[in-house]
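Notes to accompany the following structure.
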């Protein structure tokens, strides 16, 4: 469980601006698409970076093989009915529009004041099937993992966001906002009642960001958790 | 979202004791089974009672029709892969063992010191298919609603308990413990990593109960929520 996020970003919903029309900045083109099993190595690294950010590496036990088996099973359920990952990809050249019956990738861009120095560029090159079309300039910048939840008070499904994460060198550019907006828009289009997630109470930047996105922060609720050996012992309870 | 619970109950895992072997008490026989669409009227009333208990009736908007459509769709997914309801039934005479390919009902009993005066007995008569077999003495006493969640740190699914509720006159008898144990046991048997839920910080009885069940209470996390018109507005965001 975790929800890190970029600090409050400026809005980035402006239409794509070509480089020569704005000599003071350069565009970073963005794509949000459904992740696939090929993306697991990147997803694994992103989750680990999030654990480091949250100071929770002692709780990090995921392996790429386990992620692959649980997030991308051989007979996957319909999209959005179970665990779902949106991947954020970045490129200095525009993405081509591609079709996807379940979720057409969301294309956008942000304007950069300064070029970004990405020290992990090589290890985060996208594994998307279509990178050969647009050159190998596509870099994975973040992800959001979510799944359905349910409100009995509304009698409606919703989405629960387990993780939202943008790599450090790409923060403060509106990219976390794009990822959260993508999930909220999908929920709204499906007629869902709520999108929920949790935040660490010391993560003031994230809380401010979420409030700017329109979220309520609920102060009264506390998470309860059964896990590890305590949970396993319940397998042998004689009911 | 809600999680009310019975206050700390005594353990009730003792084998069934026949009435004449314990003249000081009388047994209340219990059954936990998967709910069906026929149970929706009872589930609706239970959720409303929980909203009253939690002082959150302003957030209660569920109708029986909405519950039926979302919890028991025409082509339901496999059990435990989506929203799942366990119903707690009570009877003064033993339940017959019945088969269920997905979840054999859990039969147990508790010993009562005093007879229970259930003022809503008539409106909570069970709608189970087999009540004719055991007479119409079966009363719905509570429920638990849960669904899969996912831990990226464990790379494993778990269960999230949205609601756990025992009707007031049946509290303090170990019945909430039975419901929570049923979910934890199911998670453990499926190899899941965690069972999680939330509790209101003023509900000291419930917190004590959960701690006695082995749960950790996580003090640092806060729930964030997008809902209502704020969420719906995201349907029109141009991404």
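Residue numbers (this note's numbering), protein chains in the order written: chain A, 2 to 240; chain B, 2 to 240.
We treat Cβ as the ideally placed atom computed from N, Cα and C, and that holds for glycine.
This structure is a prediction, so every number in the text was calculated from the model and none was measured.
On the three-state DSSP scale, how would you describe residue 158 of chain A?
The answer is strand: DSSP assigns residue 158 of chain A an E or B state.
Buried or exposed by the 16-neighbour rule on C-beta atoms within 10 Å, applied to residue 153 of chain B:
buried
Expected contact under 8 Å - CB spacing of residue 227 of chain B and residue 207 of chain A to nearest Å:
Rounded, the Cβ-Cβ distance is 14 Å, inconsistent with contact.
At which residues does the beta strand (DSSP E) containing residue 149 of chain A begin and terminate?
140–152
Contact with chain B by residue 228 of chain A, beta-carbon distance below 9 Å:
yes
Closer than 7 Å at the beta carbon, the chain B residues around residue 223 of chain A:
Near residue 223 of chain A (Cβ distances below 7 Å), the residues of chain B are 199, 200, 202, 218, 219 and 220.
Distance between beta carbons of residue 74 of chain A and residue 45 of chain A, contact taken as under 8 Å
In this structure residue 45 of chain A does not touch residue 74 of chain A by the C-beta definition: roughly 17 Å separates them, more than the 8 Å allowed.
Residue 176 of chain B and residue 143 of chain B: beta carbons closer than 9 Å?
yes
By the three-class DSSP mapping on this structure, what secondary structure does residue 54 of chain B have?
Helix.
Roughly how many angstroms separate the alpha carbons of residue 22 of chain A and residue 196 of chain A, rounded to a whole number?
Confidence is the limiting factor: at residue 22 of chain A the pLDDT is only 46, short of 50, which leaves the residue's position unreliable, though a coordinate-based value still follows. Linking residue 22 of chain A to residue 196 of chain A through their CA atoms gives a straight-line distance of about 38 Å.
Assigned secondary structure, residue 117 of chain B (DSSP; H/G/I helix, E/B strand, else coil)
Here DSSP, grouped into helix, strand and coil, assigns residue 117 of chain B to coil.
Starting from residue 212 of chain B, follow the alpha helix (DSSP H) in both directions and report where the run begins and ends.
205–213 is the extent of the alpha helix (DSSP H) around residue 212 of chain B.
Buried or exposed: where does residue 124 of chain A fall if 16 or more other Cβ atoms within 10 Å of its Cβ makes it buried?
exposed
Which same chain residues, not among the five before or five after residue 183 of chain B, have their C-beta less than 8 Å away from its C-beta?
33, 87, 107 and 145
Where the stretch 185–197 of chain A meets chain B: residues whose CB sits under 7 Å from a CB there
Going along the stretch 185–197 of chain A in chain order, one finds 185, 186, 188, 189, 190, 194, 195, 196 and 197 with a Cβ nearer than 7 Å to chain B.
Return the CA-CA distance between residue 221 of chain A and residue 187 of chain A, expressed in angstroms with no decimal places.
28 Å
Residue 71 of chain B beta carbon less than 9 Å from that of residue 149 of chain B
no
Under 7 Å between beta-carbons, which chain A residues line up against residue 97 of chain B? List them in chain order, please.
Ordered by position in chain A, no residue passes the 7 Å Cβ test against residue 97 of chain B, which lies about 17 Å from the chain.
Identify the residues that DSSP records as bridge partners of residue 165 of chain B: which are they?
B:145
Compare the C-alpha of residue 89 of chain A against each of A:171, A:155 and A:101 and name the closest.
Ranked by how close their Cα comes to the Cα of residue 89 of chain A, the residues A:171, A:155 and A:101 have A:171 in first place.
Between the alpha carbons of residue 128 of chain B and residue 40 of chain B, how many angstroms are there, rounded?
Taking C-alpha positions only, residue 128 of chain B is separated from residue 40 of chain B by approximately 6 Å.
Whole alpha helix (DSSP H) runs in the stretch 53–91 of chain B with 4 or more residues, listed along the chain?
65–72
Assumed close pair residue 119 of chain A, residue 140 of chain A - CB separation to whole angstroms, cut-off 8 Å
At roughly 7 Å, the Cβ-Cβ gap stays under 8 Å, so residue 119 of chain A and residue 140 of chain A are in contact.
Secondary structure at residue 107 of chain A, three-state DSSP: helix, strand or coil?
For residue 107 of chain A, the secondary structure class from DSSP, reduced to helix, strand or coil, is strand.
Where residue 107 of chain A meets chain B, residues with beta-carbon distance less than 8 Å:
240
Over what stretch of residues does the alpha helix (DSSP H) that includes residue 238 of chain A continue unbroken?
From DSSP, residue 238 of chain A is part of no alpha helix (DSSP H); its letter is neither H nor E.
Please list the partners that residue 103 of chain A has in chain B, where partner means a Cβ-to-Cβ separation under 9 Å.
Neighbours of residue 103 of chain A on chain B: none; closest Cβ ~16 Å, over 9 Å.
Cα separation between residue 104 of chain A and residue 38 of chain A?
16 Å
Report yes or no: is there a C-beta of chain B within less than 9 Å of the C-beta of residue 176 of chain A?
Chain B contact via Cβ: absent.
Residue range of the beta strand (DSSP E) that includes residue 35 of chain B:
Per DSSP, residue 35 of chain B belongs to the beta strand (DSSP E) from 27–35.
Counting only beta-carbon atoms, is residue 148 of chain A nearer than 9 Å to chain B?
Taking Cβ atoms only, chain B reaches closer than 9 Å to residue 148 of chain A, which makes this a yes.
Any C-beta of chain A sitting closer than 9 Å to the C-beta of residue 42 of chain B?
no
Please state whether DSSP places residue 94 of chain A in a helix, a strand or coil.
In the displayed model, residue 94 of chain A falls within coil according to three-state DSSP, outside both helix and strand.
Using 10 angstroms around the beta-carbon of residue 111 of chain B, count the other beta-carbons present and answer buried if the total reaches 16, otherwise exposed.
buried
Where residue 165 of chain B meets chain A, residues with beta-carbon distance less than 8 Å:
Correct list: empty, because the minimum Cβ distance to chain A is about 10 Å.
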